[in-house]
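> Heads up: the sequence shown at position 39 corresponds to 61 in the working numbering, and the numbers run straight through without jumps. The structure's right below; bear with me while I get my questions together.
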Amino acid sequence: MSVPANLVREVEVSAFSHATEDEDKVEKAMRNLLPEEARDLWLTRRTLKGHHGDPITIVTGKIRRKKGATGVLRKVVQELSSLDQQRVLDELEERLDDGGNLYIRLDKQNAYLGKVRLVETDPVRMKFKLQLPHGKDRVEYVHDVVKAIIKEELEA
23 MSVPANLVRE
33 VEVSAFSHAT
43 EDEDKVEKAM
53 RNLLPEEARD
63 LWLTRRTLKG
73 HHGDPITIVT
83 GKIRRKKGAT
93 GVLRKVVQEL
103 SSLDQQRVLD
113 ELEERLDDGG
123 NLYIRLDKQN
133 AYLGKVRLVE
143 TDPVRMKFKL
153 QLPHGKDRVE
163 YVHDVVKAII
173 KEELEA
């Protein structure tokens with residue numbers, strides 16, 4: 023199976039920047055997860071108050087198809103360790119919603135260092151809005167696509 027160029031309609035990327043974190047470093051971590059052609063992403067910041075009154079900034083951005091949204095999924099999957107790749111495959115049922123959105127949470131600290139690692143706490147959140155074919159099982163289809171992305175990496 024080949025990976026359709028228009029597989030991903032949009033990517034939403036977001037992260038919390040806590041009072042103890044440098045917002046510019048959080049942005050750098052987010053940009054490091056993107057392919058070079060998408061790193062000029064416009065990021066917005068919105069500051070809220072935490073449970074104890076401390077400021078928390080939400081940093082968000084969107085990449086649409088024309089900006090290489092499918093390339094973002096390709097980069098993230100290919101740069102995961104083989105264990106994390108397998109984890110994504112094993113957890114697709116939980117990572118996919120009924121609307122065809124794929125959710126992946128990545129380690130903010132590792133992303134700042136240019137590494138891609140799955141994590142559950144204090145992540146960079148990525149929501150991939152997928153263009154899924156009608157009549158096909160969404161989990162099975164995305165499983166095949168992720169396997170194809172991994173295979174591309176192995177053949178490169």
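The C-beta atom is built at its ideal place from N, Cα and C for all residues, glycine as well. Since this is a predicted model, take the numbers as computed values, not measurements.
Which same chain residues end up closer than 8 Å to residue 78 when comparing Cβ atoms and leaving out the 5 residues on each side of it in sequence?
Taking the first residue of the sequence shown as position 1, residue 78 is located at position 56. Closer than 8 Å at Cβ, skipping near neighbours: 38, 39, 40, 41, 69, 70, 71, 72.
> Please check the pair residue 30 and residue 151, which I expect to be a contact at CB under 8 Å, by giving their CB distance rounded to whole angstroms.
Position 8 of the sequence shown, counted from the first residue, corresponds to residue 30. Position 129 of the sequence shown, counted from the first residue, corresponds to residue 151. Between residue 151 and residue 30 the Cβ distance is about 7 Å, and since that is below 8 Å, they are a contact.
> Over what stretch of residues does the alpha helix (DSSP H) that includes residue 151 continue unbroken?
As a first step, residue 151 is located in the sequence shown; it is residue number 129 there, counting from the start. No alpha helix (DSSP H) contains residue 151, which is instead part of the beta strand (DSSP E) from 145-152.
> Find out if the Cβ-Cβ distance for the pair residue 97, residue 56 is shorter than 8 Å.
Mapped onto the sequence shown, residue 97 falls at position 75. Mapped onto the sequence shown, residue 56 falls at position 34. Result yes, Cβ atoms of residue 97 and residue 56 sit closer than 8 Å.
> Can you have a look at residue 27 and say buried or exposed, based on whether 16 or more other CB atoms are within 10 angstroms of its CB?
In the sequence shown, counting from the first residue as 1, residue 27 sits at position 5. Exposed.
> Please name the residue or residues paired with residue 54 in a DSSP beta bridge.
Working through the sequence shown from its first residue, we reach residue 54 at position 32. In the DSSP output, where bridge partners are listed per residue, residue 54 has none listed.
> Assuming contact is defined by CB atoms lying nearer than 8 Å, are residue 136 and residue 160 in contact in what I supplied?
On the sequence shown, position 114 is the one that residue 136 refers to. On the sequence shown, position 138 is the one that residue 160 refers to. Their beta carbons are not under 8 Å apart, which means residue 136 does not touch residue 160 by this criterion.
> Do residue 51 and residue 125 have their C-beta atoms closer together than 8 Å?
What you label residue 51 is simply residue 29 of the sequence shown in a count that begins at 1. What you label residue 125 is simply residue 103 of the sequence shown in a count that begins at 1. No; because the gap between Cβ atoms is not below 8 Å, this pair is not in contact.
> Looking only at C-alpha atoms, which of 35, 128, 100 sits nearest to residue 176?
In the sequence shown, the residue the question calls residue 176 occupies position 154. Comparing Cα positions, the closest option is 100.
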